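**Q**
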Amino acid sequence: MLRSYLRHRQFLFLWTAVVLIIFLFLQYLYWYPLASIGYTALIVVTVLAIITAFDYRNYRSRLNQLDALEEAWISLEREMPDTQDPLEQRYQQLILKQREILTFEKQKQLTAQQQREELVTMWMHQIKLPLASLSLIIESLEPDDILSASHLNEMKLALMRTEQYAQTALKAIQIENLKEDLILEPCDLGELCAEVIRKQALPFILKKLQLDFTPFHQTVITDRKWLGFMVEQLLSNALKYTDSGTISVTFQSDPAPHLIIADTGKGISAADQQRLFEHGYTGYNGHQDFKASGIGLTLCKKTADSLNIKLVLESEKDKGTQVHLIFPQSDLFFYR
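At position 313 of the sequence shown (counting the first as 1) the number is 312 in numbering that gives the first Met the number 0, and the numbers step up by one without a gap.
Here you go:
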């Protein structure tokens, strides 16, 4: 510790020595008695030694306090050594700021880990349903039975749901680094919607729902993969909570370019609409449907924010829901 102190104060000691030598040399040039020169040197050295002793004790005390803080990082602000030195005060402010950043990042990582664990748990429960459905169909068949059209459709639906749940789980993991994964390029929004609708054709058929979709061509600058995921999630939600009636997918250019996915399903209460995009929130409909996880809309909201798309949900209980994907009007993101 003494060596570190000497290195810490080496400039002060060197400067004092230089000044003392110059002062003594000037006394010698003016023919001061040697005894006077010697007394002067002795007084300066003695005073310096006393000051150094107190300064070293203070230095050692501060180092001991800092060593103790390493073992009690949480109490850093309360235990930080008092100082009147503006430079040291600034260092302490920087240290406290760094602690805040580290604490925030640590909490962020813990939250992300907790959400991943919740996601895995929900996914495991969800994936059981289509697998159980497949198992029941297979068990009900005799060795010589021929698959009926209804059995075949049910198996296809179970496989499709399994694929959707797996895709949702994968996207939930990837979304943490979404901005690094984005590839912005021209995308035909109409073709993308038609592709998603074709993938969801079976639920429309089985639930005997009407589809209102007029093919269109509109180019936007976006990430096709993530926009497709978002449209598929929204359409899947509409299918899940609509037992009869119509689901429509339309595009409007006024007052701003936007895609509308509307249904005539159960609708969402005003109270639930305030929290629908929160992680894991399912609302009243989700409580009625034990398959609901609440993760889909959360992922849609995060995706929309990253793609600079405004996601607006309008709904009325028992009358249906409309979801608007409002695209930026900037030429960089939208071509008319």
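Backbone N, C-alpha and C define an ideal beta-carbon position, used for all residues, glycine too.
Every value quoted in this text rests on a predicted model; they were computed, and no experiment measured them.
(1) Suppose you measure from the CA of Ile325 to the CA of Glu87; what does that come to, to the nearest Å?
(2) Which residue comes first and which comes last in the alpha helix (DSSP H) that contains Gln232?
(3) Taking one C-beta from the stretch 234-244 and one from the stretch 204-212 each time, how about it: are there three or more such pairs within less than 8 Å?
(4) Between Tyr38 and Tyr58, what straight-line distance do the alpha-carbon atoms span, to the nearest angstrom?
(5) The ligand FAD and Leu310: does any heavy atom of the ligand fall closer than 8 Å to the residue's C-beta?
(6) Leaving out the 5 sequence neighbours to the left and right, which residues in its chain are closer than 8 Å to Phe212 when beta-carbon positions are compared?
(7) What is the DSSP secondary structure of Lys206, counted as helix, strand or coil?
(8) Would the beta-carbon of Leu296 fall within 9 Å of that of Leu275?
(9) Taking 8 Å as the cut-off, does the stretch 145-161 touch the stretch 181-189 (at least 3 CB pairs, one atom from each stretch)?
(10) Grouping DSSP H, G and I as helix and E and B as strand, with all else coil, what is Pro214?
(11) Among the candidates Gln9, Ile126, Leu41, whose CA atom is the shortest distance from the CA of Leu19?
(12) Please work out which residues of its chain come closer than 8 Å, Cβ to Cβ, to Leu5, disregarding the five sequence neighbours upstream and downstream, and give them in chain order.
(13) What does DSSP give as the partner residue(s) for Cys186 in the beta ladder?
(14) Taking the Cβ atom as the reference point for each residue, do Lys309 and Ile174 lie within a distance shorter than 9 Å?
(15) Ala16 by DSSP, collapsed to three states: which one?
(16) Would you tell me roughly how many angstroms separate the C-alpha atoms of Met154 and Met229, rounded to the nearest one?
(17) Just verifying my parser: in three-state terms, what is the DSSP assignment at Gln251?
(18) In whole angstroms, what separates the C-alpha of Asn176 from that of Met159?
(19) Going by other Cβ atoms of all chains shown within 10 Å of its Cβ, with 16 needed for buried, is Glu231 buried or exposed?
(20) Determine the direct distance from the alpha carbon of Thr221 to that of Leu306, and round the result to whole angstroms.
(21) Would you call the CB atoms of Pro129 and Thr167 closer than 9 Å?
(22) I'd like the span of the beta strand (DSSP E) that includes Ile172, first residue to last.
(23) Would you kindly check if the distance between the Cβ of Ile259 and the Cβ of Gln321 is under 9 Å?
(24) Quick one: using the 10 Å Cβ neighbour count with 16 as the cut-off for buried, is Val44 buried or exposed?
(25) Closer than 7 Å by C-beta to Gln163: which residues in its own chain qualify, once you throw out the five before and the five after it? Chain order, please.
(26) Spatial neighbours of Ile126 within its chain, please: CB distance less than 8 Å, with the 5 preceding and 5 following residues excluded, ordered by chain position.
(27) What did DSSP end up calling Lys316 once you bin it into helix, strand or coil?
(28) List the whole-angstrom C-beta distance separating Gln328 from Ala255, where the pair is believed to meet the contact cut-off of C-beta under 8 Å.
(29) Quick one: Cα of Met123 to Cα of Ala111, how far?
(30) Just verifying my parser: in three-state terms, what is the DSSP assignment at Lys198?
(31) For Leu210 and Gln114, I'd like the C-alpha separation in whole angstroms.
(32) Can you have a look at Val219 and say buried or exposed, based on whether 16 or more other CB atoms are within 10 angstroms of its CB?
**A** Per the coordinate set shown:
(1) Across the structure, Ile325 and Glu87 are spaced so that their CA atoms are roughly 51 Å apart.
(2) 223-239 is the span of the alpha helix (DSSP H), which, as asked, contains Gln232.
(3) Output reads yes: the stretch 204-212 touches the stretch 234-244.
(4) Distance between the alpha carbons of Tyr38 and Tyr58 is about 30 Å.
(5) No copy of the ligand FAD occurs in the structure displayed, which carries no ligand at all.
(6) Around Phe212: Cys192, Ala193, Ile196, Ser247, Val248, Thr249.
(7) Helix at Lys206.
(8) For Leu296 and Leu275, yes; Cβs fall inside 9 Å.
(9) They do not touch, by the three-pair rule.
(10) Coil at Pro214, not helix or strand.
(11) Comparing alpha carbon positions, the residue from Gln9, Ile126, Leu41 closest to Leu19 is Leu41.
(12) Here the set comprises Phe12.
(13) Val219.
(14) Not a contact, by the Cβ cut-off of 9 Å.
(15) In the structure shown, Ala16 sits in a helix (DSSP, three-state: H, G or I).
(16) If you take the alpha carbons of Met154 and Met229, they lie about 25 Å apart.
(17) In the three-state scheme derived from DSSP, where H, G and I count as helix and E and B as strand, Gln251 is classed as strand.
(18) Near 26 Å, if we compare the C-alpha coordinates of Met159 and Asn176.
(19) Buried, because 16 or more other Cβ atoms sit within 10 Å of the Cβ of Glu231.
(20) Those two C-alpha atoms are separated by around 7 Å.
(21) Against a cut-off of 9 Å, the Cβ pair of Thr167 and Pro129 comes out as no contact.
(22) Run containing Ile172: none in the beta strand (DSSP E); it sits in the alpha helix (DSSP H), 148-173.
(23) Their beta carbons are under 9 Å apart, which means Gln321 touches Ile259 by this criterion.
(24) Label assigned to Val44: exposed.
(25) By the criterion of a C-beta distance shorter than 7 Å, Gln163 is surrounded in its chain by Ser235, once the five residues flanking it on both sides are discounted.
(26) For Ile126, where only same-chain residues beyond five positions count, the Cβ hits under 8 Å are Thr161, Tyr164, Ala165.
(27) Correct three-state label for Lys316: coil.
(28) Your pair Gln328 and Ala255 checks out as a contact, with CB atoms roughly 6 Å apart and the cut at 8 Å.
(29) Counting only the Cα atoms, Ala111 lies some 18 Å from Met123.
(30) Here Lys198 carries a helix assignment [DSSP, helix/strand/coil].
(31) Their backbone Cα atoms lie some 35 Å apart in a straight line.
(32) Flag for Val219 reads buried.
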